[in-house]
């Protein structure tokens, strides 16, 4: 199905599992897509959950719309997805930029959210250097990352040392498949972001997971999120990097099941 946003974007949604199961909504990070959850979804469905995945605007099969790309806009898109699937007490899982969107939405409206699982994300200090933002949109960089072995080498530093070749290739393919202008806009839109003042208003139980080898978003930033939220637990995953849906899917599943069983 698709959710149509107020600015005309079409957000592509997939729904898996029983219609009457507890709802879990998976919100991926920048330069990824629904496929990043491929190792997570079957396990959640097997546990009887109704699992909703969607492509962020400008990613995968979702269109961009007319509004500038930004955290507040992504948060509104998440609200449109929750409304479209008529979610109630949903556990929202946000990875990286999807975590920014989940936090921003929960601050403004948590009426459809029963819990949060935040993966390799933060609430502040995401001021991507302008040179890196330009690199994300550079056509030569985009061409290079589309080359299999070269592309895997270029993005290998974002993952931990134990990531499998297949998982790293999945990461590379999603990253390379994202429109370069969208990729640059996403990485540039977090400058000045500070969601910390609103975190105290989020009263739902939350699990915050972070890889201790994450070089993209430092683990201490995830710890700040957990310490600021009223009902959050923090776990640091040894030898995991930034791509937790691909590097530690079993741990992600366990965090979701722990919340849905409450």
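Residue numbers (the numbering used here): 7 to 268. All residues carry an ideal CB built from backbone N, CA and C; glycine is no exception. The structure presented is a predicted model; accordingly, all values stated were derived computationally and were not measured.
Next item on the list: Assuming residue 100 contacts residue 33 (C-beta within less than 8 Å), just tell me the rounded distance between them.
Entry: The C-beta distance from residue 100 to residue 33 rounds to 4 Å, short enough to meet the 8 Å contact threshold.
Note to self: Please report the straight-line C-alpha distance between residue 42 and residue 74, rounded to a whole angstrom.
What the structure shows: Between residue 42 and residue 74, the C-alpha separation is close to 25 Å.
Next item on the list: Please report how far the alpha carbon of residue 196 lies from the alpha carbon of residue 133, in whole angstroms.
Entry: If I take the Cα positions, the gap works out to 6 Å.
Item checked: residue 181 beta carbon less than 8 Å from that of residue 151 -> Yes, Cβ-Cβ distance for residue 151 and residue 181 is below 8 Å.
Checklist line | Backbone secondary structure at residue 20 - three-state DSSP | finding: If DSSP states are grouped into helix, strand and coil, residue 20 belongs with the strands.
Next item on the list: Pick out whichever of 8, 187, 138, 31 has its Cα sitting closest to the Cα of residue 50.
Entry: If we check each option's Cα against that of residue 50, 31 comes out closest.
Next item on the list: Look at residue 111 and residue 188 and say whether their C-beta atoms are less than 8 Å apart.
Entry: No, these two residues do not count as a Cβ contact at 8 Å.
Check: Which value, in whole angstroms, describes the spacing of the CA atoms of residue 259 and residue 18?
Finding: Straight-line Cα distance between these residues: approximately 23 Å.
Notebook entry, point to check: Based on the DSSP secondary-structure assignment, which residues constitute the bridge partners of residue 118?
Noted result: Its beta-bridge partners do not exist; DSSP assigns none.
Margin query: Here's the rule: buried if 16 or more other CB atoms are within 10 angstroms of the residue's CB, otherwise exposed. What is residue 253?
Written below: Classified as buried, residue 253 has 16 or more neighbouring CB atoms from the shown chains inside 10 Å of its CB.
Margin query: Less than 7 Å between C-beta atoms, sequence neighbours within five positions excluded: which residues of the same chain meet that for residue 118?
Written below: So the list reads 88, 93, 94, 96, once near-sequence residues are dropped.
Margin query: Looking at the secondary structure, which residues open and close the beta strand (DSSP E) in which residue 59 lies?
Written below: Note, residue 59: beta strand (DSSP E), 56-60.
Check: Mapping DSSP to helix, strand and coil, what is residue 248?
Finding: Residue state, collapsed to three classes: coil.
Notebook entry, point to check: What residue range is occupied by the uninterrupted alpha helix (DSSP H) comprising residue 216?
Noted result: From DSSP, residue 216 is part of no alpha helix (DSSP H) but of the beta strand (DSSP E) over 212-217.
Notebook entry, point to check: So who's on the other strand from residue 33, going by DSSP bridges?
Noted result: Residue 33 is bridged by DSSP to 60, 100.
Next item on the list: Would you check if the distance between the CB atom of residue 184 and the CB atom of residue 16 is smaller than 8 Å?
Entry: No Cβ-Cβ contact shorter than 8 Å links residue 184 with residue 16.
Check: By how many angstroms is the C-alpha of residue 9 removed from the C-alpha of residue 61?
Finding: Computed Cα separation, rounded: 11 Å.
Item checked: Closest by C-alpha distance to residue 205, when choosing among 35, 230, 163, 161 -> The residue from 35, 230, 163, 161 with its alpha-carbon nearest to that of residue 205 is 230.
Next item on the list: Tell me residue 130's beta-bridge partners as DSSP assigns them.
Entry: Listed as beta-bridge partners of residue 130 by DSSP are 200.
Next item on the list: Provide the residue span of the beta strand (DSSP E) that contains residue 243, from first to last.
Entry: For residue 243, the enclosing beta strand (DSSP E) covers residues 238-243.
Checklist line | Inter-residue Cα distance where the pair is residue 143 and residue 248 | finding: Roughly 21 Å between the two C-alpha positions.
Check: Using the C-alpha atoms, what's the distance from residue 239 back to residue 199?
Finding: Those two C-alpha atoms are separated by around 23 Å.
Next item on the list: Taking the CB atoms as reference points, tell me whether residue 141 and residue 147 lie closer together than 8 Å.
Entry: The Cβ atoms of residue 141 and residue 147 sit closer than 8 Å to each other.
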